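Residues are numbered in my numbering as their position in the sequence shown, beginning at 1, plus a constant of 496.
Shown next, in structure tokens, is the structure this report addresses.
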Amino acid sequence: MRLKKEKNKSKAITSVNKSKGESQRLFYLFKHLSNKELITVCAREIWKSHLADPDDTLLIAMEKEVLQDLLHNCSVADGYFTFNVPAAVDTAKNAVDTTSSSKYDKIKQNQKKALQSDYFTYAFLGFAEDKKFRELFNNASKSDEDTLVLESRKNTNIYVKRDPSLGSVSNIMVFDPTYLRVSDSRKSGERYFATSRYERTFIQMVEEASGTAGIKTTMMEVGSMNAGDEDKYNKFQILQSWINELPEDHEDGDCFISSNQEVLDNLCDDMGTNYLGLTGIYTLRSKHEAQLWMFYILMFPPVYPALAAYLLSPKYETLYYFYLYDIHTGKRVYTEVSLVKSRDYKYTIKNMIYTTMMRLGKPGKIK
Numbered sequence: 497m498r499l500k501k502e503k504n505k506s507k508a509i510t511s512v513n514k515s516k517g518e519s520q521r522l523f524y525l526f527k528h529l530s531n532k533e534l535i536t537v538c539a540r541e542i543w544k545s546h547l548a549d550p551d552d553t554l555l556i557a558m559e560k561e562v563l564q565d566l567l568h569n570c571s572v573a574d575g576y577f578t579f580n581v582p583a584a585v586d587t588a589k590n591a592v593d594t595t596s597s598s599k600y601d602k603i604k605q606n607q608k609k610a611l612q613s614d615y616f617t618y619a620f621l622g623f624a625e626d627k628k629f630r631e632l633f634n635n636a637s638k639s640d641e642d643t644l645v646l647e648s649r650k651n652t653n654i655y656v657k658r659d660p661s662l663g664s665v666s667n668i669m670v671f672d673p674t675y676l677r678v679s680d681s682r683k684s685g686e687r688y689f690a691t692s693r694y695e696r697t698f699i700q701m702v703e704e705a706s707g708t709a710g711i712k713t714t715m716m717e718v719g720s721m722n723a724g725d726e727d728k729y730n731k732f733q734i735l736q737s738w739i740n741e742l743p744e745d746h747e748d749g750d751c752f753i754s755s756n757q758e759v760l761d762n763l764c765d766d767m768g769t770n771y772l773g774l775t776g777i778y779t780l781r782s783k784h785e786a787q788l789w790m791f792y793i794l795m796f797p798p799v800y801p802a803l804a805a806y807l808l809s810p811k812y813e814t815l816y817y818f819y820l821y822d823i824h825t826g827k828r829v830y831t832e833v834s835l836v837k838s839r840d841y842k843y844t845i846k847n848m849i850y851t852t853m854m855r856l857g858k859p860g861k862i863k
């Protein structure tokens, strides 16, 4: 952008160090703002744009991201931003002594009149009565200490997130645990294997692990029901309808109120818990792919046996997940996903389930 002097319009100024002219002052401002101050300005202006166009959902998403960045990545102290009007300063108490004859003393006295203040603390003061903004700000202010992404260990990746409001869990409904085995090959594509036997074993593991952790679990799955379980089957159908109602882009942290919420609340009262767990195992069996470098290695006969064993042996990946929902609010309060680069050994699955139950049974931070 060409910046011109106010008086001499024919001569362009390429520097933004001078503060003459409206556009130059704007450049000068942005250049001297710190990262925290610049992001604060962005958050304020984005929200003002939202107020001008409330139907634009993109502006809401932008505001969430900017507030998260501001409050967690910019070293903002707790309580830095104020939403209360500061008390008026009584200037009569700060009367200046005019008896000083020194010019230097007069300058220092005038400096004391102007109270030093970081005016960026009042950036959102104008939105103090805006409930929607305060809600976004408070959600962004929440500490993410209870979110834990464990570092990838050998052949294992684990992601765990726990809502800070979730206390100790003592009773859970577990809805229709799933167990899926898939074989993937170039010729036949993906093939799904019968998994009813594995599902029964998986359910037993969940019950054993929850009992060890002191958590009562009620399995809401059709396989364990008989002709006399009409009431339980009806509850199963109600929960199935609620799960089908969840939005496709539903994220943990988002609340969801069902159109049939009163019936769901009564169901929770009957079952003695408002927590619903969704869990399952997905294991994939595939062949190792022969990379280009393997064909070069074939030129050396000594590696034939090892390479043949590598190519012919299957490659396994096992995915385990456990989601815990609060039916009263529709909020996902606990998320755990584990990916293990091995087959679904019983001791591996038992260990993952037991770890989940122990975490749910203890309030506070994830360990």
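Quick reminder that beta carbons are idealized off the backbone N, C-alpha and C, glycines included.
Only a predicted model underlies this, so the values are computations on that prediction, with no experimental measurement involved.
field: Leu742 (DSSP reduced to helix, strand or coil)
entry: Coil, per DSSP.
- prompt: Does the Cβ-Cβ distance between Ala619 and Arg521 come in under 8 Å?
  reply: Cβ atoms of Ala619 and Arg521: not closer than 8 Å.
field: Any 3 or more C-beta pairs closer than 8 Å across the stretch 691-703 and the stretch 730-742
entry: Because the criterion of three Cβ pairs below 8 Å is not met, the stretch 691-703 and the stretch 730-742 do not touch.
Same chain only: Cβ atoms within 6 Å of Leu835, ignoring 5 sequence neighbours per side: Once the five neighbours on either side are set aside, the close Cβ partners of Leu835 are Asn653 and Leu815.
- request: Measure the C-alpha to C-alpha separation of Ile777 and Val833 and round it to an integer number of angstroms.
  value: Rounded to the nearest whole angstrom, the C-alpha separation of Ile777 and Val833 is 10 Å.
query: Is DSSP giving Ile823 helix, strand or coil here?
result: If DSSP states are grouped into helix, strand and coil, Ile823 belongs with coil.
- prompt: Any idea which residues DSSP pairs Tyr615 with across the strands?
  reply: For Tyr615, DSSP assigns no beta-bridge partner whatsoever.
message: Taking DSSP's pairing of strands, which residues face Val572 in a bridge?
response: Paired residues: none, contrary to the question.
- prompt: For Glu813, which residues of its own chain have a beta-carbon under 6 Å away from its beta-carbon, when the five flanking residues on both sides are left out?
  reply: Closer than 6 Å at Cβ, skipping near neighbours: Leu780 and Lys837.
message: For Met848 and Gly768, I'd like the C-alpha separation in whole angstroms.
response: Cα-Cα distance, rounded: 26 Å.
message: Does Leu563 come out as helix, strand or coil in the three-state DSSP assignment?
response: In this structure, Leu563 counts as helix in the three-state DSSP scheme.
task: Classify Tyr917 as helix, strand or coil using the three-state DSSP reduction.
output: Absent from the model: residue 917. The displayed extent of the chain is 497 to 863, so no value can be given.
field: Buried versus exposed, by CB contacts within 10 Å (16 or more), Ile753
entry: Counting Cβ neighbours within 10 Å, Ile753 comes out exposed, since fewer than 16 surround it.
- prompt: Among Thr852, Asp766, Ser755 and Tyr843, which has the Cα closest to the Cα of Thr825?
  reply: The shortest C-alpha separation from Thr825 is found at Ser755.
Of the residues Asp626, Asn635, Ala709 and Tyr675, the one placed nearest Val665, counting alpha carbons only: Comparing Cα-Cα distances from Val665 to each of Asp626, Asn635, Ala709 and Tyr675, the minimum goes to Ala709.
query: Skipping 5 residues on each side, what residues in its chain have a beta carbon closer than 6 Å to that of Asp552?
result: Nothing meets the Cβ criterion.
message: Just to confirm, is the Cβ distance from Thr775 to Pro673 under 8 Å?
response: For Thr775 and Pro673, yes; Cβs fall inside 8 Å.
message: One question on the structure: do Lys657 and Thr831 come within less than 8 Å of each other, judged by their Cβ atoms?
response: Closer than 8 Å, so yes.
message: Quick check on DSSP: helix, strand or coil for Thr697?
response: Here Thr697 sits in helix by DSSP.
query: Roughly how many angstroms separate the alpha carbons of Gly575 and His528, rounded to a whole number?
result: In this structure, the alpha-carbon of Gly575 lies about 24 Å from that of His528.
query: Just how far apart, CA to CA, sit Asp840 and Tyr771?
result: Roughly 27 Å between the two C-alpha positions.
task: Kindly list the residues whose CB is nearer than 8 Å to the CB of Ile535, restricted to its own chain and excluding five residues on each side of it in sequence; keep chain order.
output: Same-chain partners within the cutoff: Val562, Asp565, Leu566 and Cys570.
Ala557 versus Leu621: straight-line alpha-carbon distance, rounded: So the two alpha carbons sit approximately 21 Å from each other.
query: How many Å lie between Asn722 and Arg855 at the Cα?
result: C-alpha separation (whole angstroms): 33 Å.
task: Let me know the secondary structure DSSP gives Gly773 once reduced to three states.
output: It is a strand residue.
- prompt: How far does the beta strand (DSSP E) with Met669 in it reach, from first residue to last?
  reply: Secondary structure note for Met669: its beta strand (DSSP E) is the uninterrupted segment Asn667 to Phe671.
- prompt: What three-state label does DSSP hand Ser637 in the structure shown?
  reply: Annotated three-state conformation of Ser637 is helix, per DSSP.
- request: Starting from Lys811, follow its DSSP beta bridges and name the residues at the other end.
  value: Partner(s): Ser782.
task: Over the uninterrupted beta strand (DSSP E) stretch that includes Tyr524, give me the two end residues.
output: Counting along the chain, Tyr524 falls outside any beta strand (DSSP E), though it belongs to the alpha helix (DSSP H) covering Glu518 to His528.
- prompt: What's the C-alpha gap between Asp766 and Asn580?
  reply: It is roughly 45 Å from the alpha-carbon of Asp766 to the alpha-carbon of Asn580.
- prompt: Gln757 to Leu742, Cα distance in whole Å?
  reply: Cα to Cα, the separation comes out at about 13 Å.
message: Measuring only the C-alpha atoms, how far is Leu760 from Ile823?
response: Roughly 7 Å between the two C-alpha positions.
task: Tell me, to the nearest whole angstrom, how far the beta carbon of Tyr817 is from that of Val829; I am working on the premise that it is less than 8 Å.
output: Beta-carbon to beta-carbon, Tyr817 and Val829 are separated by about 15 Å, too far to satisfy the 8 Å threshold.
- request: Could you tell me how far apart the beta carbons of Leu676 and Lys560 are, in whole angstroms, since I believe they sit closer than 8 Å?
  value: Actually they do not touch by this definition, with Cβ atoms about 34 Å apart.
message: For a quick check, are the C-beta atoms of Phe629 and Trp543 less than 8 Å apart?
response: It is a contact, given that the beta carbons lie within the stated cut-off.
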